[in-house]
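These notes are about the structure you will find just below.
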Amino acid sequence: MAEELSACERRPWVEATEKPFVRIKGITKMFGDLAAVDDVSLDIYRGELFCLLGGSGCGKSTLLRMLAGFETQTSGAIEIDGQDMTGVAANLRPTNMMFQSYALFPHMSVEKNVAYGLLREGVSKGEAMQRTKDMLSLVKLDGFASRKPHQLSGGQQQRVALARSLIKQPKLLLLDEPLGALDKKLREETQFELIRIQEDLGVTFIVVTHDQEEAMTLSTRIGVMDAGGIVQVGEPREIYETPNSKYVADFIGSVNIFDGEVDVAAPDLMRVNSTEGPIICEPMAGLNAKQKLHIAVRPERIQLSRTPIEATNTMQGMVTEVAYMGNLSVYRVQLAGGQCLKVTAANGLHEENPITWDEAVHIGWSAAASTVLVK
Amino acid sequence: MRQSKLARRFVIAVPNIWLILFFMVPFLVVLKISLAEPRIAIPPYSPLWDWVDGSIKFNINFENYAYMWEDTLYINAYLSSIKIAATSTLLTLLVGYPMAYTIARAPEPRRSILLLLVVLPFWTSFLLRVYAWIGILKTKGILNAVLLWSGIIDEPLIILQTDIAVYIGIVYTYLPFLILPLYANLVKLDDTLLEASRDLGASRISSFFRITLPLSMPGIIAGSMLVFIPVLGEYVIPALLGGPDTLMIGKVLWNEYFSNRDWPVASAVAIVMLIIMLIPIMILRRAQTKGAEI
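Residue numbers (the numbering used here), protein chains in the order written: chain C, 1 to 375; chain P, 1001 to 1294.
This is the structure:
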């Protein structure tokens, strides 16, 4: 496995160089009249760590449960490694799942929990115990084999759940909010642990999460979901820098959104009239004059100064709030038109006389920093 | 602060006083009678102590306990009671577990109705319900009539006044006591545990025996004890449905008190029965503390 390129180096989704490993084809799940998952199609490649990202009730967990075989789709089909999964029961699928609540068997020791899947498969007891031992050391839980789940900390339970779901060497591992129950510090450590294990074993991971930071750190690609549908699929950088809709821009990281309509849409000039005055963007094809749209500008792309700024787009405003975050400060700047912008700036060492409350400031950003959102 | 402390003591005191007054005092009275000698008098036993010349003189008598060893009737009655109680507990479990499981898995609105149906028989008198079984089970009763009419049997079954009738009566009467604690346990079972088991390759049946059943053990034990303990001393059901061969300690106790009027021996029988019952109660307590750990 080591010599082979990992999925994030191969990037098979850029050009169709290989066959997708998981194919979700027009899948819909109705609960009564409500479509929890609405006509979703998705291709996921071998070795990927794919994140399904969305708010609660967006259908991401239902989609995962259909992959695992706990829910049956109303229409559409799922194919894993070339095999149609329709009608295949959960216990016969080449997938394993790590549950949000971990779902560790409370009456069994750690060892028995982890060995459970192997023993059900008919692996001999000796081999099962050996593989369990190896798996426990992979997740750094040697010496905990005889403990009961309730004697473990949250982080340890999480690793038992991971070990248990990996022991059968599934082709596809489904993880439902795998880090949701951990505190922030532990979550950050575990993220990298998860990536290490995923790359070591070469298993394809599909992770469901509502935490955009988690999705950005973990994944090769992200599928942003809203109201049962996939809104955008792409690499973390792509999703962050070129969101395709207001929803995605708003969901991933923080962003300032201007509402406006197209003033000039020429091949060499693109200008939008917003409530705060004209904004220059990179020229873009397919837009009409007077078309209503949104402009998204990331807070870290905006410069902030007491003196006028040389930039394509400049505005003036008043600082209403400053939050010191250590490495950077977050400013809220009130503009003349009534809109409030979020601006982040890195903090220098021993900065004297930093910008503070109630100061008049100049702000500016480049044309490339203004992302045009039609939806 | 002081007031709340007083209130707390009061709250604890109420059940304690209740237990002392209605359990401890009668128990001591029975213990006292079991150590006396029978007499043809009112009350029909000798006093435990006398005032002789200004000093106390005790008359403690262990004859009654020794007598129970000598006459095999008592030992046989105890053994037979334990056998009947154990068998009917097992039968009740076999009938009650699927019922409790079905109720616990039923969707919410239906669940309450099913639970109501389980406790519904309590609304009529227990005695009346046992009498109803006589009507069903007797030679010319409803059951035989239906079976004869449908041609399944040619001559009536003799069920009434046999041990089978006793088992039917006990299972019927004590079923709710088993279903309710078992239901309370099963309804708490986390569905994702079963999903995890299925996900790891176990079939539905295998998941039941490896996950559901072991996790419902505290409920099984609690329910079984609630059946086993009262059945051990059951009097009404064997007296009404059982025959002359049905030997149970409750019946022996009744005979000693009311036919023989030998209160001291009867009290000794009761005390020994209580000690026998302590064993399952201790098992129950252990199971409960173990269940609390999970």
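We put the CB at the ideal spot given by N, CA and C, even for glycine.
As the structure is a prediction and not an experimental result, all values here were calculated from the model.
Taking the C-alpha atoms as reference points, what is the distance between residue i and residue j?
i                 : j                 : result
Ala1184 (chain P) : Met1282 (chain P) : 21 Å
Val262 (chain C)  : Glu238 (chain C)  : 24 Å
Ser254 (chain C)  : Tyr240 (chain C)  : 10 Å
Val1146 (chain P) : Val1236 (chain P) : 27 Å
Tyr1257 (chain P) : Val1265 (chain P) : 8 Å
Val343 (chain C)  : Ala215 (chain C)  : 23 Å
Met385 (chain C)  : Ala163 (chain C)  : Summary: the structure shown does not reach residue 385 (chain C), with chain C confined to residues 1 through 375, and so no result is reported for it.
Ala2 (chain C)    : Glu199 (chain C)  : Interpretation of Ala2 (chain C) is limited by its pLDDT of 43, a score under 50 that renders its predicted location unreliable; no figure is taken from the coordinates.
Ile1158 (chain P) : Pro1244 (chain P) : 14 Å
Arg1008 (chain P) : Leu1284 (chain P) : 28 Å
Thr217 (chain C)  : Gln191 (chain C)  : 7 Å
Leu1160 (chain P) : Ile1170 (chain P) : 13 Å
Out of the options, point me to the one whose CA is closest to residue i's CA.
i                 : options                                    : result
Cys58 (chain C)   : C:Ile80, C:Gly87, C:Thr28, C:Tyr45         : C:Thr28
Glu9 (chain C)    : C:Phe31, C:Gly277, C:Gly47                 : C:Gly47
Trp357 (chain C)  : C:Asn244, C:Met318, C:Ala103               : C:Met318
Leu182 (chain C)  : C:Ile197, C:Gln157, C:Thr86                : C:Gln157
Lys25 (chain C)   : C:Phe31, C:Val37, C:Asp33                  : C:Val37
Leu52 (chain C)   : C:Asp211, C:Ile257, C:Gln339, C:Leu269     : C:Asp211
Met325 (chain C)  : C:Thr371, C:Glu79, C:Ala346                : C:Ala346
Asp84 (chain C)   : C:Met97, C:Glu121, C:Ala115, C:Arg23       : C:Arg23
Thr1139 (chain P) : P:Arg1286, P:Ser1259, P:Ile1153, P:Glu1037 : P:Ile1153
Phe115 (chain C)  : C:Leu166, C:Ala68, C:Ala103, C:Leu152      : First, the amino acid is wrong: residue 115 (chain C) is Ala here, not Phe. The shortest C-alpha separation from Ala115 (chain C) is found at C:Leu166.
Pro149 (chain C)  : C:Pro170, C:Thr132, C:Ile195, C:Tyr102     : C:Tyr102
Name the chain P residues whose beta carbon is nearer than 7 Å to that of residue i?
i                : result
Met97 (chain C)  : Asp1199
Tyr116 (chain C) : Leu1200
Anyone know if the C-beta pair for residue i and residue j falls short of 8 Å?
i                 : j                 : result
Thr204 (chain C)  : Leu172 (chain C)  : yes
Ile1134 (chain P) : Ile1142 (chain P) : no
Tyr1045 (chain P) : Trp1263 (chain P) : yes
Val1118 (chain P) : Ile1179 (chain P) : yes
Pro1230 (chain P) : Lys1251 (chain P) : no
His294 (chain C)  : Leu201 (chain C)  : no
Gly1242 (chain P) : Asp1163 (chain P) : yes
Thr209 (chain C)  : Glu177 (chain C)  : yes
Arg120 (chain C)  : Ala1202 (chain P) : yes
Gly348 (chain C)  : Met315 (chain C)  : no
Ala161 (chain C)  : Leu104 (chain C)  : yes
Ser370 (chain C)  : Val264 (chain C)  : no
Ser1080 (chain P) : Leu1247 (chain P) : yes
List, in order along the chain, the chain C residues whose C-beta lies closer than 8 Å to that of residue i?
i                 : result
Asp1190 (chain P) : Ser101, Ala103
Ser1046 (chain P) : Per Cβ cutoff of 8 Å: no residues; Ser1046 (chain P) is ~55 Å from chain C at best.
Ser1206 (chain P) : Arg120
Kindly list, in the order they appear in chain P, the residues whose Cβ is closer than 8 Å to that of residue i.
i                : result
Arg131 (chain C) : None at all; the shortest Cβ gap to chain P is about 14 Å.
Ala90 (chain C)  : Glu1195, Arg1198, Asp1199
Lys168 (chain C) : Leu1200, Gly1201
List the residues of chain C that residue i touches, going by C-beta distances under 7 Å, in chain order.
i                 : result
Ile1211 (chain P) : Phe105
Leu1193 (chain P) : Ala103, Phe105
Under the three-state reduction of DSSP, which class applies to residue i: helix, strand or coil?
i                 : result
Val378 (chain C)  : As displayed, chain C neither begins before 1 nor continues past 375, which places residue 378 (chain C) out of reach and without an answer.
Ala2 (chain C)    : Low confidence applies to Ala2 (chain C): its pLDDT is 43, below 50, so where it sits in the model is not reliable enough to give any reading.
Pro1038 (chain P) : strand
Ala369 (chain C)  : coil
Asn1255 (chain P) : helix
Met85 (chain C)   : coil
Lys292 (chain C)  : strand
Ile78 (chain C)   : strand
Cys8 (chain C)    : helix
Gln158 (chain C)  : helix
Asp268 (chain C)  : coil
Phe21 (chain C)   : coil
His150 (chain C)  : helix
Gln212 (chain C)  : helix
Ala360 (chain C)  : strand
Leu1189 (chain P) : coil
Asn1144 (chain P) : helix
Ala1262 (chain P) : Here residue 1262 (chain P) turns out to be Asp, not Ala, going by the sequence shown. Asp1262 (chain P) falls in the coil class under three-state DSSP.
Along chain C, in chain order, which residues have C-beta atoms closer than 9 Å to that of residue i?
i                 : result
Pro1214 (chain P) : Phe105, His107, Met108
Ser1203 (chain P) : Ala89, Asn91, Arg120
When you compare the CB of residue i with every CB in chain D, is at least one pair closer than 8 Å?
i               : result
Phe70 (chain C) : Although the question refers to chain D, the structure presented lacks it and instead comprises the protein chains C and P.
Any heavy atom of the ligand GDP closer than 7 Å to the beta-carbon of residue i?
i                 : result
Asp1262 (chain P) : Because no ligand of any kind appears in the structure shown, any question about the ligand GDP cannot be addressed here.
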